[in-house]
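Chains as they are written, first to last, in this note's numbering: chain A, 5 to 337; chain B, 5 to 337. C-beta atoms are modelled at their ideal positions from N, C-alpha and C, and glycine is treated no differently.
There are 2 protein chains.
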Amino acid sequence: MPELRFNPISREWVIIATERAKRPGEFMHVRMNHRAPPAYLNTCPFCAGNEHKTSEERLRVNGDKGAWKIRVVANSYPALSPVGDKKRTGDVLKRLVTGVGVHEVIVESPKHDIPTALLDLKHLEELIQIYRDRFIEAGKDERAEHVIVFKNSGEGAGTTIEHPHTQVIATPIVPVQFRERVQAAMQYYDDTGECLSCAVLRREKDEGSRVIFETERFLTFIPYAALSPFHTWIFPKRHCASFAGITDIEAVDMARHLKTLLSKFHWGLDNPDFNYVIRSSRPHDAANDYCHWYMSVMPRLSKVAGFELGSGIYINSAMPEESAEFLRQARME
Amino acid sequence: MPELRFNPISREWVIIATERAKRPGEFMHVRMNHRAPPAYLNTCPFCAGNEHKTSEERLRVNGDKGAWKIRVVANSYPALSPVGDKKRTGDVLKRLVTGVGVHEVIVESPKHDIPTALLDLKHLEELIQIYRDRFIEAGKDERAEHVIVFKNSGEGAGTTIEHPHTQVIATPIVPVQFRERVQAAMQYYDDTGECLSCAVLRREKDEGSRVIFETERFLTFIPYAALSPFHTWIFPKRHCASFAGITDIEAVDMARHLKTLLSKFHWGLDNPDFNYVIRSSRPHDAANDYCHWYMSVMPRLSKVAGFELGSGIYINSAMPEESAEFLRQARME
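In structure tokens form, the structure reads like this:
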């Protein structure tokens, strides 16, 4: 019998379709064109030696012998214009806001062929600290009302440039999706006096069946109502509304979780295309009692079809508890 | 300069990213594997002659010489179980509803190789009447709280069976996405005394720049804040909350719109993968003043990536007014 499960944080119903269920191993991606990327690509703007092909450089972390380790650059084809004023026009039937904001790219390493999963741990720690610093910096733009840090890995996840990179976008409006989540979180807080995410986290920790990895400061688990196979959350245990508030020590711990999870995807699920996104209050709203930032990681192993588009209900053909068990066992190298 | 546009009906922000804009003609799908499907496939459960491969037949429309024209069958791999009671368990952190409901398939014709766009007009009229009849029938299931009619065409749109078909799903819960739209529509009605969709429709008709096709009873247009390139709405002019209320005469007129639009996609955009979905109040809530059913048609010409997943904001690289102009001119055969 299929189940409908509700995620109280995202407010999404999911059909866990056991009739269509695949065993976890069946999700192994058999990609006929599974070629290894080259270490360097002449046409890639993010490869070492091609720095002149990117837009304005905003930050550079130096590595050994004068080489750089991580670069932050303006997006050459920004979804939102870096210049211009925020202006709102129109009426209730046709609201228009000028498309201004921040759109930058964090080039994760000089190497074209090292996926995020295979960066060494120290490198990943610095990367997460840079995520935080750029998140805060983007929020300082006076036009910014919301900031998203996200990654597209692989063509099926919407990447146009193969070289591993992460993006930061600050929008001049608050996304409706975010507003609705905040409202649900506030409601729960008013009803119970507690943060909804803290309550979910405690439950997941107590039950354990969906937990993949736990350390002192983070819990990585497949949510009870995971939207799609192996959809996973990396959750800070300490209540904190905004990713801006992550400490250096927490960033070090989070790097272990990200490395563990992505390595298990890489080796255990044959390197699927995936997205991740940091869901957070904006940088200057870091102290409220009801929001709780986290990272959501989504391998792209299934397609969104008409039912999902038309209802907002996802169909997940993998049982979250089985997926978690599979990932607990999956090799990391 | 990009624009952020807001859709008051779906409550979605869209970035119209002119910096990344493609000219409409560039969306022509160059598909290397653009093979013509066979007229009959031995392994296809929906082809004439293979009727024994489907589950229970629920309706059959007869054509010439004892052949069938349209069949309705139970889905052999249903997302929701046809048997079992609706039961709600769990608590606010882990809500669970048994996965019961209706999931059936409307096989659009006996031929494997005739896409919906190329069905003759009379056939399409009957198909839309059957959509309505099955929509009403699904709503009679006492476990049903919401009904969706939708179509996946092509692998990129989530089809697993190539033979043209449409699906009907009745869910035992109300989708949160639908609830949020109803709330926005009610709010507009309370503020203005008018249906929000009727107001949008009047505006689109008056402006005309996004209109593709108009007849006495329907308006086909690209919404002001289209989510993706060539995302189009087929809208009944008469206020009616539920698709259950479409009259036979309206179904005849709607068939002309669907044929026109899909033919323009087929010939003008080189037969892209697409989804369509009928967005509607449930069958037994057909008489309210604020909901207004319509069909949303989405060619799958772009990928959903991390930014969309993380914010609910879409990036559309096509200007709706230019897309509409392109489709007005596109050939239909």
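Does the separation of the CB atoms of residue i and residue j fall below 9 Å?
i	j	result
B/ALA245	B/ARG136	no
B/LEU8	A/GLY103	yes
A/TYR294	A/LEU200	yes
B/ILE173	B/HIS107	yes
B/VAL301	B/ASN320	no
B/SER59	B/VAL77	yes
A/VAL186	A/SER285	yes
B/LEU84	B/ARG75	no
A/ALA43	A/LYS115	yes
A/PHE154	A/ILE282	yes
B/ARG332	B/PHE239	no
B/ASN156	A/GLY310	yes
A/GLU325	A/ILE226	yes
B/THR175	A/TRP17	yes
B/LEU265	B/THR236	yes
B/ALA71	B/ALA52	yes
B/VAL180	A/TYR192	no
A/VAL204	A/ILE13	yes
A/PRO168	A/SER80	no
B/PHE234	B/ASP257	no
B/LEU125	B/ALA334	no
B/ILE19	B/TYR228	no
B/SER315	A/HIS150	yes
A/LYS307	B/GLU159	yes
A/HIS288	A/ALA248	yes
Using a C-beta to C-beta distance shorter than 7 Å, which residues of chain D count as neighbours of residue i?
i	result
B/ILE132	Within the model displayed, chain D is absent; protein chains A and B are what it includes.
If I follow the unbroken beta strand (DSSP E) through residue i, where does it start and stop?
i	result
B/THR170	169 to 175
B/LEU8	7 to 11
A/PHE217	215 to 218
A/TYR298	298 to 303
A/VAL18	16 to 20
B/ASN46	Here B/ASN46 belongs to no beta strand (DSSP E), and DSSP marks it neither H nor E.
B/ILE319	318 to 320
Span of the alpha helix (DSSP H) holding residue i?
i	result
B/PHE234	Run containing B/PHE234: none; DSSP gives neither H nor E here.
A/PHE247	Note, A/PHE247: premise wrong, no alpha helix (DSSP H); not H, not E.
A/VAL308	Taken as a continuous stretch (DSSP letters only), A/VAL308 belongs to no alpha helix (DSSP H), as it is neither H nor E.
A/GLU326	324 to 333
B/ARG283	Taken as a continuous stretch (DSSP letters only), B/ARG283 belongs to no alpha helix (DSSP H), being part of the beta strand (DSSP E) at 278 to 283.
A/GLU211	200 to 211
B/TYR228	B/TYR228 -> no alpha helix (DSSP H), and no H or E assigned at all.
B/TYR193	180 to 196
Note down, in chain order, every chain A residue with its Cβ under 8 Å from the Cβ of residue i.
i	result
B/ARG283	GLY314
B/ARG15	VAL180
B/GLY88	MET5
Using a C-beta to C-beta distance shorter than 7 Å, which residues of chain B count as neighbours of residue i?
i	result
A/TRP237	Per Cβ cutoff of 7 Å: no residues; A/TRP237 is ~13 Å from chain B at best.
A/TYR228	LYS98
A/ALA121	Neighbours of A/ALA121 on chain B: none; closest Cβ ~16 Å, over 7 Å.
A/ILE152	PHE311, GLY314 and SER315
Which residues in chain B sit within 8 Å of residue i, going by Cβ to Cβ distance?
i	result
A/LYS155	GLY310
In chain A, what lies closer than 7 Å to residue i by C-beta?
i	result
B/PRO6	ALA83, LEU84, SER85 and GLY103
B/PHE234	Residues of chain A passing the Cβ test: none, with the nearest at roughly 14 Å.
B/ASN279	ALA309, GLY310 and LEU313
B/PHE10	ARG99
B/GLY70	Residues of chain A passing the Cβ test: none, with the nearest at roughly 32 Å.
Would the beta-carbon of residue i be found less than 8 Å away from any heavy atom of the ligand GDP?
i	result
A/TYR228	Among the components modelled here there is no ligand, and therefore nothing to report on the ligand GDP.
I want to verify the contact list: residues of chain A whose CB lies under 9 Å from the CB of residue i, in sequence order.
i	result
B/ALA21	TYR81, PRO82, ALA83, LEU84 and GLY103
Members of the region 171 to 183 of chain B near chain A, C-beta cut-off 8 Å: GLN171, ILE173, THR175, PRO176, ILE177, PRO179, VAL180, GLN181 and PHE182
Interfacial residues, the region 44 to 55 of chain A to chain B, with Cβ spacing under 7 Å: none
Residues of the region 298 to 318 of chain A with Cβ closer than 7 Å to any Cβ of chain B, in chain order: MET302, LYS307, VAL308, ALA309, GLY310, PHE311, LEU313, GLY314, SER315, GLY316 and ILE317
Interface positions of the region 94 to 116 of chain A facing chain B (Cβ-Cβ less than 7 Å), listed along the chain: VAL96, LEU97, LYS98, ARG99, LEU100, VAL101, THR102 and GLY103
Alpha helix (DSSP H) segments (min. 4 residues) lying fully within the region 98 to 149 of chain B: 125 to 143
Every unbroken beta strand (DSSP E) inside the region 61 to 104 of chain B [3 residues or more]: 61 to 66, 72 to 78 and 99 to 102
Contact list for the region 201 to 225 of chain B against chain A, Cβ threshold 8 Å: ALA203, VAL204 and ARG207
Where the region 238 to 259 of chain A meets chain B: residues whose CB sits under 7 Å from a CB there: none
Residues within the region 156 to 168 of chain A neighbouring chain B, beta-carbon criterion of under 7 Å: ASN156, ALA161 and GLY162
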